[in-house]
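*Asks:*
Protein chains: 2
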Amino acid sequence: MTLPMAFVGTLQIATPSRWFECAAQQWQDLLVDHANCEKKAASTALSLIFTYSQDMDLTERISRLAREELRHFEQVQRLMHKLNIPFKRMTPSRYGEGLRRAVHRNEPKRLLDLLCCGALIEARSCERFMGLASLLDDPLRSFYQGLSASEARHHELYLQLAAARFAETWRDNLNRLASVEAELITASDEQLRFHSGMPIL
Amino acid sequence: MTLPMAFVGTLQIATPSRWFECAAQQWQDLLVDHANCEKKAASTALSLIFTYSQDMDLTERISRLAREELRHFEQVQRLMHKLNIPFKRMTPSRYGEGLRRAVHRNEPKRLLDLLCCGALIEARSCERFMGLASLLDDPLRSFYQGLSASEARHHELYLQLAAARFAETWRDNLNRLASVEAELITASDEQLRFHSGMPIL
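First to last, the protein sequences are chains A and B.
Each residue of the first sequence is one higher than the last, beginning at 33 in my numbering.
Each residue of the second sequence is one higher than the last, beginning at 33 in my numbering.
#1: Taking the alpha carbon of asparagine 68/A as the point to measure from, which residue in Met112/A, Leu167/A, Gly178/A, Glu215/A has its own alpha carbon closest?
#2: Of all the residues that make up the segment 107 to 125 of chain B, which are near chain A by a beta-carbon distance shorter than 8 Å?
#3: Does arginine 160/A get closer than 8 Å to chain B when you measure Cβ to Cβ?
#4: Between the C-alpha atoms of alanine 194/B and histidine 104/B, what's the straight-line distance to the nearest angstrom?
#5: Whole beta strand (DSSP E) runs in the segment 102 to 168 of chain B with 3 or more residues, listed along the chain?
#6: Rounded to whole angstroms, what is the Cα-Cα separation between alanine 151/A and isoleucine 45/B?
#7: Using 10 angstroms around the beta-carbon of proline 118/B, count the other beta-carbons present and answer buried if the total reaches 16, otherwise exposed.
#8: Find the residues of chain B that neighbour glutamine 60/A, judging by a C-beta separation of less than 7 Å, and give them in chain order.
#9: Say whether chain A places a C-beta atom closer than 8 Å to the C-beta of leucine 78/B.
#10: Determine, using beta-carbon pairs with one atom in the segment 171 to 182 of chain B and one in the segment 207 to 224 of chain B, whether at least three such pairs fall under 8 Å.
#11: With which residues is proline 231/A paired in a DSSP beta bridge?
#12: Use the C-beta contact count for methionine 162/A: other C-beta atoms within 10 angstroms, 16 or more gives buried, fewer gives exposed.
#13: Between Gln60/B, Leu168/B, Leu224/B, Ser228/B, which has its C-alpha nearest isoleucine 153/B's C-alpha?
#14: If the cut-off is 8 Å on Cβ atoms, which residues from the segment 93 to 105 of chain B count as contacting chain A, listed in chain order?
#15: Mind listing the chain A neighbours of glutamine 280/B? Cutoff is C-beta to C-beta under 8 Å, in chain order.
#16: CA-CA distance, glutamate 200/A and tyrosine 190/A?
#17: If we ignore side chains and look at the alpha-carbon of each, how far apart do phenylalanine 39/B and leucine 209/B end up?
#18: Can you tell me the Cα-Cα spacing of leucine 115/B and leucine 102/B, whole angstroms?
#19: Output yes or no for whether 8 Å exceeds the beta carbon distance between leucine 254/A and alanine 56/A.
#20: So, for phenylalanine 198/A: in the same chain, excluding its five sequence neighbours on each side, which residues have a beta-carbon less than 6 Å away from its beta-carbon?
#21: Please decide whether isoleucine 81/A counts as near chain B, where near means a Cβ-Cβ distance under 8 Å.
#22: Expressed to the nearest angstrom, what Euclidean distance is found between the alpha-carbon atoms of alanine 196/A and cysteine 149/A?
#23: How about leucine 90/B and leucine 78/A: do their beta carbons lie closer than 8 Å?
#24: Within the continuous alpha helix (DSSP H) that includes tyrosine 176/A, where are the two ends?
#25: Can the beta-carbon of leucine 97/B be found closer than 8 Å to that of histidine 186/B?
#26: Would you tell me roughly how many angstroms separate the C-alpha atoms of glutamate 106/A and aspartate 87/B, rounded to the nearest one?
#27: Would you mind reading off the limits of the alpha helix (DSSP H) that contains alanine 38/B?
#28: Span of the alpha helix (DSSP H) holding glutamine 57/A?
#29: Can you tell me the Cβ-Cβ gap for serine 157/B and glutamate 183/B, rounded? I've got them flagged as a contact below 8 Å.
#30: DSSP on glutamate 200/B, reduced to helix/strand/coil?
#31: What whole-angstrom Cβ distance do aspartate 221/A and serine 125/A have, given they're in contact under 8 Å?
See the structure below:
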């Protein structure tokens with residue numbers, strides 16, 4: 033698949049087709065992992081709200097994003113219920129931890145990194161939802177189509193927050209983190225997850 | 033003030049009038065602390081969702097509650113903006129930490145305790161919003177009136193979750209924690225906060 037135009041400035045590579053083929057086959061596991069991803073997205077957003085509480089423009093917009101992530105979490109759970117997919121504990125993919133390792137510890141670089149990571153994760157999620165929607169049937173097809181639009185908005189929000197606060201440096205920094213992201217997506221992964229790399233088969 | 037009937041089985045004492053008098057005078061500081069309380073309520077809810085992720089009924093209902101807490105957080109921030117109240121960092125009151133110390137570390141008692149604490153905090157918040165609404169003018173009066181209705185629903189939700197999972201023990205346990213809560217509310221506090229005890233003047 034080719035990279036959607038909206039993410040050409042953000043993501044450096046498209047997800048390999050093989051990930052989509054495996055993911056479409058293992059859609060049940062992917063849905064359970066997806067519920068975890070929505071929870072984690074809400075949790076990351078809340079953590080930004082606590083850490084940068086003096087930036088009331090950021091906290092307002094990120095709070096709305098967190099609410100949307102939680103609504104998606106509820107929607108995934110309802111879909112699991114409808115499709116008879118039981119809950120199970122799943123280990124997270126290397127992706128989140130891999131990105132976190134590339135985040136600076138000191139401010140203000142840390143905030144910029146966190147916003148860039150947010151943009152990258154949302155862009156990747158959007159790309160994968162779009163690709164999955166084209167391979168799956170309803171109700172997953174329309175669910176993922178709807179979600180891809182939200183993720184595109186979230187990607188845009190993170191970029192806007194970064195650009196407004198780090199006009200000079202955000203672009204270079206995004207590129208630095210995007211190459212870490214591209215490595216995580218192309219490296220081999222034993223377990224298939226929503227943000228995993230190349231499946232080992 | 034007398035305890036609202038809805039909380040007679042939950043809270044053991046009414047907030048002393050002097051707290052309301054001081055709080056109405058220091059409404060600006062209270063609003064800043066209130067924003068923190070809404071954030072913390074959302075964070076506590078999210079933590080329940082992560083810890084008890086296998087209980088999909090609980091996570092669904094608590095996720096909706098978390099979204100509501102975040103919406104309230106946004107509303108408080110907008111009110112701060114409208115009333116020209118700048119952000120400032122504030123130390124939390126002893127209340128949250130005091131309740132947390134009374135929570136069991138081992139399951140399943142821990143879950144029951146957390147749900148009972150949730151019910152107590154929401155009931156106390158509702159009682160205080162009702163009292164404050166009667167002492168303040170608009171826009172705070174109608175804002176607090178509206179919030180008191182939400183807190184009453186949240187109190188009810190936490191009790192329902194506890195009663196459905198711990199039919200035999202929830203009542204006694206609620207009473208145990210309610211007496212801890214009553215102590216925290218009646219002990220003297222140097223700093224006025226939304227959940228502080230008796231103001232020292």
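Backbone N, C-alpha and C fix where the C-beta goes; we use that ideal spot for every residue, glycine too.
*Replies:* Straight from the coordinates:
#1: Of Met112/A, Leu167/A, Gly178/A, Glu215/A, the residue nearest in Cα terms is Met112/A.
#2: Gln109, Arg110, Met112, His113, Phe119, Arg121
#3: no
#4: 24 Å
#5: none
#6: 49 Å
#7: exposed
#8: By Cβ distance, chain B contributes nothing, its closest Cβ being about 15 Å from glutamine 60/A, past 7 Å.
#9: yes
#10: Segments in contact, no.
#11: Asp221/A
#12: Buried, since its Cβ has 16 or more Cβ neighbours within 10 Å.
#13: Comparing Cα positions, the closest option is Ser228/B.
#14: Ser95, Arg96, Ala98, Arg99, Leu102, Arg103, Phe105
#15: The question about residue 280/B has no answer here: the residues shown for chain B are numbered 33 through 233.
#16: 16 Å
#17: Going from the Cα of phenylalanine 39/B to the Cα of leucine 209/B covers about 14 Å.
#18: Computed Cα separation, rounded: 20 Å.
#19: Limits of chain A in this structure are 33 at one end and 233 at the other, which puts residue 254/A out of reach.
#20: Contacts found: Leu144.
#21: yes
#22: Each residue's alpha carbon lies about 16 Å from the other.
#23: With contacts defined by Cβ atoms closer than 8 Å, leucine 90/B and leucine 78/A do not form a contacting pair.
#24: Taken as a continuous stretch (DSSP letters only), the alpha helix (DSSP H) holding tyrosine 176/A covers 172 to 197.
#25: Yes, the Cβ-Cβ distance between leucine 97/B and histidine 186/B is below 8 Å.
#26: 13 Å
#27: Taken as a continuous stretch (DSSP letters only), alanine 38/B belongs to no alpha helix (DSSP H), as it is neither H nor E.
#28: 49 to 57
#29: 4 Å
#30: Note: glutamate 200/B maps to coil in three-state DSSP.
#31: 7 Å
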